[in-house]
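Remarks on the structure that follows.
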Amino acid sequence: MTIAEIAKDFTELLKQGDHNAAAEKYNADDIASYEAMEGPMAVSHGKAALKEKSQWWQENNEVHGGLVEGPYVNGDQFALRFKFDITPKATGERVTMDEVGLYTVKNGKITEERFYY
Numbered sequence: 001m002t003i004a005e006i007a008k009d010f011t012e013l014l015k016q017g018d019h020n021a022a023a024e025k026y027n028a029d030d031i032a033s034y035e036a037m038e039g040p041m042a043v044s045h046g047k048a049a050l051k052e053k054s055q056w057w058q059e060n061n062e063v064h065g066g067l068v069e070g071p072y073v074n075g076d077q078f079a080l081r082f083k084f085d086i087t088p089k090a091t092g093e094r095v096t097m098d099e100v101g102l103y104t105v106k107n108g109k110i111t112e113e114r115f116y117y
């Protein structure tokens, strides 16, 4: 598959709400994830760690709706824009989350993801 085909399929899975299938199909075993924040989940390495991070996020936020825009492809990378209407359970305050994810693909798998917000 080309980078554009991988990006399109990955994005379609996310748009369908199937984040687990997208990660299972396309994340490399040694994927690295970088969040634009400090703390224990700012940097994660490996498919299992990203699965744990995703599970933590889902358990700690109520999602009311959202959208995924893209993909925007350039070379071995593609970007997606995420907008989510969420309520973090810790605060109970409903907010709009707006971020960009930049994904790097090597050998048909996503080897790195970086989030900007």
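Residue numbering for the sequence shown follows the UniProt record's numbering, starting at 1 and increasing by one per position. Using N, Cα and C, we set each Cβ at its ideal position, and we do this for glycine too.
Asked, Found
"CA-to-CA distance, Ala23 to Leu14, given in whole angstroms", "9 Å"
"Contacting residues, own chain, Cβ-Cβ under 6 Å from Met97 (five flanking each side not counted)", "Phe84 and Ile86"
"Contact between the segment 105 to 117 and the segment 26 to 38 (3+ Cβ pairs under 8 Å)", "yes"
"C-beta atoms of Gly70 and Ala79 nearer than 9 Å", "yes"
"Status (buried if at least 16 other CB within 10 Å, exposed otherwise) for Tyr116", "exposed"
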